[in-house]
Amino acid sequence: MVKAIVGACWGDEGKGKITDVLAEDSEIVIRFQGGSNAGHTIINQYGRFVLHQLPSGVFRQNIVNIIGNGVAFSVENFVKEMQYIKEGGVPEPKILISDRCQVLMPYHKELDGLEEARLADKAFGSTKSGIAPFYSDKYAKIGFQISDLFDGKEAIYERIDHVLGLKNVLYTQLYHRDPLDRDEIYQKLMEYKEIVAPYVADTTTLLHNAAKEGKTILLEGQLGSLRDPDMGIYPMTTSSSPLAGFGSVGAGGIPPYAIQKIYCVVKAYSSAVGAGEFVSEIFGEEAEELRRRGGDEGEYGATTGRPRQVGWLDLVAARYGCMVQGATDVAFTVLDALGYLDEIPVCVAYELDGKRLDAFPPTAQLKRCKPILEKLPGWKCDIRGIKKYEDLPENARNYVEFAEKALGVPVTMVSNGPSREDIIYRS
């Protein structure tokens, strides 16, 4: 069976933990899109880890972990993360990298920073990880596939010259920088070749066969529905598709009909890193209190360290996110963070130009929306350590079931703490 684990809203919902939990009974875990611009936090017997590019199955020895062809693959970050988990006492994981995956180059990161600086107050809130320039190059057909690194020297130089013919116009004319050097680019590609050679494989065929054989495969997405460039809050989105529907493309070798379970991760409140519309956002001391109590170490970006925007659970956005993901199940996370509240506001609809709106609108209308809030009674206690759903306080169960009814998708997992063991299953 193929399962996808994806985010409902802006990202930061806790997908890494859910992947880590479900990996126990799986054989393959795949990162199918995105790059090092977001982090998945996992707490297990080895400690606390934040993974930016490695699949979240690397902590289990029964797993084959694959970096799929849809990923913006940073070789430098791969080396850093492998060293990071090794120093944390994690045994050497089984990792394969798709030979069709493309390499994120140093100039992608540099261009990302230069463009954000040029845009100034109109910037997109980029993590400056090179993601937008990388995917721009990929779809403009001037990227480097990993398989290109194993081509002949003459062919690689020909490819470099073609790329630099375009890149150096940007460097010299738009950003007023020195042009890129072809020999330096070649040497960097050869460095990358040496590093990745032990891991490169035809993962497309491997996954095709694994799906045919009925193996349990997890597709791990990055960010969430509202950061999708088609279905999200464009243009304040990422540059790859974090939707489960893209999983078969970004993983490669898996037919769309093979994805039978789609776990859409919904946070019990809302948070986001990066710019963009956020109707249920709160501010001031109220926001700081939620930010301090949220997540496992507060609501601060796992990649950037920036304070996250926080707000109340937005059921309009989350319902839309589950819809576009095609969710079969909801994993409801960070419920424990709300235990300090007497009453918990929930955004149940939007007000747009004086009228109630229950459907999530495109960005041009979203900018004018205001939240319609309903308050639910809080449970005023610590719920960490509870293992059975029926043992949760009544008001905590009411909160979960209120959200479930609005989402229209069964909540089958409830996370009530940051560690692997803090999980409650519902049938």
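This note's numbering numbers the first residue of the sequence shown as 7 and each following residue consecutively. For every residue, glycine included, the Cβ atom is placed at its ideal position computed from N, Cα and C.
- Here Phe65 is near Ile48, since their CB atoms are less than 8 Å apart.
- Short of 6 Å from the beta carbon of Pro235, and not among the five residues preceding or following it, lie these beta carbons of its own chain, in chain order: Thr243.
- Non-local C-beta neighbours of Ser80 in its own chain, meaning closer than 7 Å and more than five positions away in sequence, comprise Gly41, Ser42, Gln59 and Leu110, ordered along the chain.
- Spanning the alpha carbons of Asp397 and Ser433 requires a straight line of approximately 15 Å.
- In its chain, beyond the 5 residues on either side, Ser254 have a beta carbon closer than 6 Å to the beta carbon of Pro262.
- By the Cβ neighbour-count rule, Met7 is exposed, with fewer than 16 other Cβ atoms within 10 Å of its own.
- Residue ranges of uninterrupted alpha helix (DSSP H) with 4 or more members, entirely inside the segment 194-273 and ordered along the chain, are 209-218 and 253-257.
- Between Tyr141 and Ser245, the gap from beta carbon to beta carbon is short of 8 Å.
- Unbroken alpha helix (DSSP H) stretches of 4 residues or longer found wholly inside the segment 105-193: 112-125, 137-145 and 159-175, given in chain order.
- Residue state for Ile91 is assigned as helix, using DSSP reduced to three classes.
- Taken through DSSP and simplified to helix, strand or coil, Lys21 comes out as helix.
- DSSP places Val415 in the coil class of the three-state scheme, outside both helix and strand.
- Collapsing the DSSP output to three states places Lys100 in a strand.
- Contact holds between the segment 218-234 and the segment 13-29, because three or more Cβ pairs, one in each stretch, are under 8 Å apart.
- Taking C-alpha positions only, Arg124 is separated from Tyr181 by approximately 8 Å.
- For Cys353, the enclosing beta strand (DSSP E) begins and ends at Glu349 to Leu358.
- For Pro313, the beta-bridge partners assigned by DSSP are Tyr306.
- Look at Leu60 here: in three-state DSSP terms it is coil, with no helix or strand label.
- Counting along the chain, Arg37 sits inside the beta strand (DSSP E) bounded by residues Ile34 to Arg37.
- Fewer than three pairs of CB atoms, one per stretch, sit closer than 8 Å, so the segment 276-289 makes no contact with the segment 21-34.
- Contact between the segment 335-351 and the segment 381-390 is present: 3 or more CB-CB pairs across the two stretches fall below 8 Å.
- Ranked by Cα distance from Phe338, the first of Asn422, Lys373, Ile288 and Asp388 is Asn422.
- The continuous alpha helix (DSSP H) containing Ala324 extends over residues Leu321 to Gln331.
- Inclusion of Tyr275 and Leu296 in the CB contact set at 8 Å is warranted, their separation being smaller than that value.
- Secondary structure of Asp342 (DSSP, three-state): helix.
- Residue range Lys361 to Leu363 is occupied by the beta strand (DSSP E) that includes Arg362, with no alpha helix (DSSP H) assigned at that position.
- Bounds of the alpha helix (DSSP H) holding Leu372 are Thr369 to Leu372.
- In the DSSP annotation of this structure, the continuous segment of the beta strand (DSSP E) that includes Glu380 starts and ends at Lys376 to Pro383.
- With respect to Gly256, Leu213 sits apart: the two C-beta atoms are not nearer than 8 Å.
- By the 16-neighbour rule on beta-carbons within 10 angstroms, Val175 is exposed.
- When secondary structure is reduced to three states using DSSP, Asp335 falls in the strand class.
- Close CB contacts of Ser277 within its chain, under the 6 Å cut and outside five residues either way in sequence, are with Asp18, Glu305, Arg314 and Val316 (chain order).
- A direct Cα-to-Cα measurement between Arg298 and Asp342 gives close to 13 Å.
- Taking a 10 Å sphere around the C-beta of Thr178, we find fewer than 16 other C-beta atoms and assign the residue as exposed.
- Around the beta carbon of Lys9, 16 or more other beta carbons lie within 10 angstroms, which makes this residue buried.
- Ala293: member of the alpha helix (DSSP H) spanning Gly290 to Arg299, first to last residue.
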